[in-house]
């Protein structure tokens, strides 16, 4: 009897160990280099402005807000430790397009420092930089960007390299940009060489989105308070928090604003889902398509008592989703290596087989090796000069320590993300050796970047 029981126990142990092995194995990149290469692929870059990483079910959202994006994630590489280079749209998106940190592309604020009435522009600050769209255009691709305007307007130089660039709206949503993109795709589909790079952008979850008042309430419908969730309210609260560092809201008010954000995420998800379904079902292109979905930055929702973005460098603002779907990919692969928005340009060029300009010394590096299981942890930096009222610098080193420096108030914050991912325990006042090493690392890094 004991012998049979022992054999039965051993059998169940074998089953459990085997299941664990195959489950872990299914999450590991098993592709070969040749399978990961996507030479001459079409590329669709979808940027959901202001989308927090933790709002996708794939990243652990307790609410089911993104069934369509989760479907995309189920057959994509899912990057769990991806970061923006800034905490607001203009410098963050320019870093994504150039592979350079804001302190190098110098598009760090809306207006020129030398001429406060003149919009800043990439051609004036860094005319030598080659954008992602320029690389595609020079390689014979059709290039187009359909955007919500505002922080990605052509006045700042975002149209460089695009045959077509739409930015007429002011905080427009995908409801406006997707139809334009579909018309463009249909027009080029008949061309003999219809390879294309499409940049699709919308402010659907942003506090100032143009069609904000048309939002159908779902999570927020039970609220009985005085707030309306309007753009005017959002701007007023943002300005109040920036100046006074506090908001006079009840717990119900705060929950309403969180629910309102989630309502926007739910509505956005459906639009992108329908777009991708139409792209694959209605359009026939000769070359396979690489699909990338990310955001420029996140949004604070009272995680640190505030709201909006541009004001802090905490995780909820700088950590962003990143999904990369390769043609014919059928399963989700989790990538835990740390990556940055500045890495996107060299990575995409690497994947599609476009040679990077030999004179282009980028801050970013291709993270193509992570598709094969490389788990290296790179250092990342953040830079923000927002509306000339705040100036922040920050970074995360290889040991998972994060430092934030407020250059206006002359304050430093230091967090051990391996123990404190919500950034509640500021270690900056502790004088231990490790903190000193991290501080010196950040200072040296910024010195190298000539800050």
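Residue numbers (this note's numbering): 26 to 476.
Here a beta-carbon is modelled for each residue, glycine too, at the ideal position from N, C-alpha and C.
| Asked | Found |
| --- | --- |
| In three-state terms, what does DSSP make of residue 422? | coil |
| Going by beta carbon distance, what residues of the same chain come within less than 8 Å of residue 250, once the five residues before and after it are set aside? | 275, 277, 278 and 281 |
| To the nearest whole angstrom, what separates the beta carbons of residue 219 and residue 311, a pair I think is in contact under 8 Å? | 7 Å |
| Can you tell me the Cα-Cα spacing of residue 421 and residue 365, whole angstroms? | 11 Å |
| In angstroms with no decimal places, state the Cα-to-Cα distance between residue 25 and residue 344. | What is shown of the chain runs 26 to 476, which leaves residue 25 out entirely. |
| Helix, strand or coil: how does DSSP classify residue 399 here? | coil |
| If we call anything under 8 Å between Cβ atoms a contact, is residue 231 one with residue 196? | yes |
| Could you tell me which of 287, 423, 382 and 293 sits nearest to residue 362, measuring between CA atoms? | 423 |
| Which value, in whole angstroms, describes the spacing of the CA atoms of residue 415 and residue 430? | 11 Å |
| Under DSSP, the alpha helix (DSSP H) around residue 369 begins and ends at which residues? | 369-377 |
| Label residue 461 either buried or exposed according to how many other C-beta atoms from any shown protein chain fall within 10 Å of its C-beta, with 16 as the threshold for buried. | exposed |
| At 3 residues or longer, and completely inside the stretch 53-107: list those beta strand (DSSP E) runs for me, N to C. | 67-73 |
| With distances taken Cα to Cα, identify the nearest neighbour of residue 376 among 127, 350 and 192. | 350 |
| Rounded to whole angstroms, what's the CA-CA distance from residue 259 to residue 332? Just pull it up for me. | 9 Å |
| Which residues in the same chain have their Cβ closer than 7 Å to the Cβ of residue 465, if we skip the five residues on either side of it in sequence? | none |
| Are residue 113 and residue 411 touching if we call contact CB-CB under 8 Å? | yes |
| By alpha-carbon positions, which one of 62, 100, 81 and 107 ends up nearest to residue 400? | 107 |
| Looking at the unbroken alpha helix (DSSP H) that takes in residue 130, where does it start and where does it end? | 127-130 |
| I want to know whether the stretch 139-149 touches the stretch 388-403 - three or more CB-CB distances under 8 Å. | no |
| Considering just the uninterrupted stretch of the beta strand (DSSP E) at residue 408, what are its terminal residues? | 405-411 |
| Any contact of the stretch 186-193 with the stretch 165-176, i.e. 3+ C-beta pairs under 8 Å? | yes |
| Excluding the 5 residues flanking residue 159 on each side, which residues of the same chain have their C-beta closer than 8 Å to its C-beta? | 185 and 186 |
| Just mark residue 222 as buried or exposed, buried being the case when its beta carbon has 16 or more other beta carbons within 10 Å. | buried |
| Please return the same chain residues whose Cβ sits closer than 8 Å to the Cβ of residue 214, not counting the five positions on each side in sequence. | 308, 309 and 310 |
| Please report the Cβ distance between residue 104 and residue 347, rounded to the nearest whole angstrom; I am assuming they are in contact, meaning their Cβ atoms lie under 8 Å. | 4 Å |
| Using only the alpha-carbon positions, how far apart do residue 177 and residue 440 sit? | 32 Å |
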